[in-house]
Amino acid sequence: MNDESLIALLDDIESDRVERKESIADDDKIRQAICAFANDLPNYKQPGVLFIGVNDAGIPTGQSITDQLLQNLASMRADGNILPFPSLTVQKRYLKGQDMAVVLIQPADAPPVRYKGTVWVRVGPRRAIASPQEERILAERRRYRDAPADIQPLRDVDVKELDQTLFKETYLPAAVSPDVLAENSRTMEEQMASLRLVDLGPPLVPTVLGVLILGKRPSLHLAGAYVSFLRLAGEQLGSDVVSSHDIQGPLPRMMSQIDELLKLHIMTAVDITSGDKERRIPDYPLAALQQIVRNAIMHRIYEGTHAPVRIYWYSDRIEVISPGGPYGQVTRENFGRPGVNDYRNPNLAEAMRHLGYAQHFGVGIQIAREALARNGNPPPEFKFDLGPVMAIIRKKE
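Residues 59 to 455, numbered by our numbering, are exactly what the sequence shown covers, in order.
Listed below in structure tokens is the structure:
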């Protein structure tokens, strides 16, 4: 936006496309504002504007606009509190004779957007928590044609394939704030639609995300939606098989089974000679394996393949193979670099965060590297073919 357009918005006290803040001290309200602009309830189809360094009357306050302040604002996009990720830009602009920070928030393609599980909207010149009717309006506005593959509707799948008990007892309380649940008057179908688990149609059908999170038999409808585990006695794929498992089911149960399987196969050595206290040293750190496997499930491609995520556990290393190569701004050259991330399945990433399997977006590989280093393992290796990504984790010597 040019300076004239920004100044016009800055002076328009009644506009519901503008919010003014003297500083970023109250970052909670700033995130609420970003969420509300991304939802674009009035359907302006234009960016909302957040000014930092001005008072309520639009007068500059002389706030120092530092690089750190701009970085703090930009980091609000992908820290996992506002989901799905909003599209925003952060700029330092010189307006009315003073520097100020300007955040431009684009309307979301797949609303409703939530901040900590709550949908915020603009109601005139103020922000507010969305009513059930306003949430329905946002859900109806969602454009499936342009939406990511993970929320495409599965027209040939009956909604009865979704586990309603799992939704009510596990996913809903994890994804929606308690205050919103306490005032909830929506039907279960409307709740599921708000969380992108079903398409209201008609007819009412599950989305890809719904089948992955709540499906009683996900691999029946998405052929590769499971994890194959193979423990081998030697260093080659043709070695004797120690154990073999196909881990299937809705994602919360599948992840729990995978964690238990990883714990079962990690071998721990006991050191009683190098100090006063006994030391237990695993051949692989659990946290590193969890991060690598969870990244494989989160970032894999689910359409156009029947291949599962594969875990090959050899005598000297573990290989985790994920269908689908680097996506978006992630390339072979920058893969795993801190701060470089993109999401083939942004709604699945959101769901995994709700369930506690992704605490911080974009840092899983870095967490794995640090855990391996602390344990004395070599750093992870990554290999790319035209399709899958292979992560190799080598055993501690």
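Note that the Cβ used here is the ideal one computed from N, Cα and C, for glycine as well. Fair warning: this is a prediction, and the values are worked out from it, not measured in the lab.
Looking at the DSSP output, D257 bridges to V263.
Between the beta-carbon of A416 and that of M356 there is about 7 Å, and that keeps the pair under the 8 Å contact cut. By the beta-carbon neighbour count (other beta carbons within 10 angstroms, threshold 16), S373 is exposed.
When secondary structure is reduced to three states using DSSP, A168 falls in the coil class, being assigned neither helix nor strand.
Shortest Cα-Cα distance from L196 to any of P165, R184, Q149, K218 involves P165.
Within a 10 Å sphere around the beta-carbon of A66 sit fewer than 16 other beta-carbons, which makes this residue exposed.
Scanning its chain for C-beta atoms nearer than 8 Å, with the 5 sequence neighbours on each side dropped, one finds around I324 the residues P340, D341, Y342, L344, L347, in chain order. In the three-state DSSP reduction, Q126 falls in the helix class (H, G or I). Judged by DSSP in its simplified three-state form, A66 adopts helix. L99 and V76 have their C-alpha atoms some 14 Å from each other. The segment 92-136 is shown to contain whole beta strand (DSSP E) runs of 3 or more residues at 106-110, in chain order. Here DSSP, grouped into helix, strand and coil, assigns H303 to strand. When the five nearest sequence neighbours on each side are left out, the beta carbons in the same chain lying within less than 6 Å of the beta carbon of E72 are those of P183, in order along the chain.
Residue nearest to R411 within the set P381, P310, A429 is P310 (criterion: CA-CA distance). Considering only R368, V299, S277, the residue with the shortest C-alpha distance to I316 is R368. In the three-state reduction of the DSSP assignment, L413 falls in the coil class, being assigned neither a helical nor a strand state. If you look at S314, you'll find it isn't in any beta strand (DSSP E); it sits in the alpha helix (DSSP H) that goes 309-323. In this structure Q90 is buried. Its beta-carbon is surrounded by 16 or more other beta-carbon atoms within 10 angstroms. Sixteen is the threshold: when 16 or more other Cβ atoms of the shown chains lie within 10 Å of the Cβ of F95, as they do, the residue is buried.
For R199, there is no enclosing beta strand (DSSP E); the residue is found in the alpha helix (DSSP H) stretching over 190-199. As computed with DSSP, G273 is found in a beta bridge with L220.
According to the DSSP assignment, Q249 belongs to the alpha helix (DSSP H) that extends over 246-252. The beta carbons of G386 and V447 sit about 14 Å from each other, so the pair does not count as a contact at 8 Å. Going by DSSP, Q294 is part of no alpha helix (DSSP H) at all; its letter is neither H nor E.
Beta-carbon to beta-carbon, G111 and A159 are separated by about 6 Å, close enough to satisfy the 8 Å threshold.
Looking from the CA of Y284, the closest CA among L290, K274, A291, L212 belongs to K274.
Contact between P264 and V215 holds: CB atoms are separated by about 5 Å, below the 8 Å threshold.
The alpha-carbon separation between N97 and S189 amounts to approximately 13 Å.
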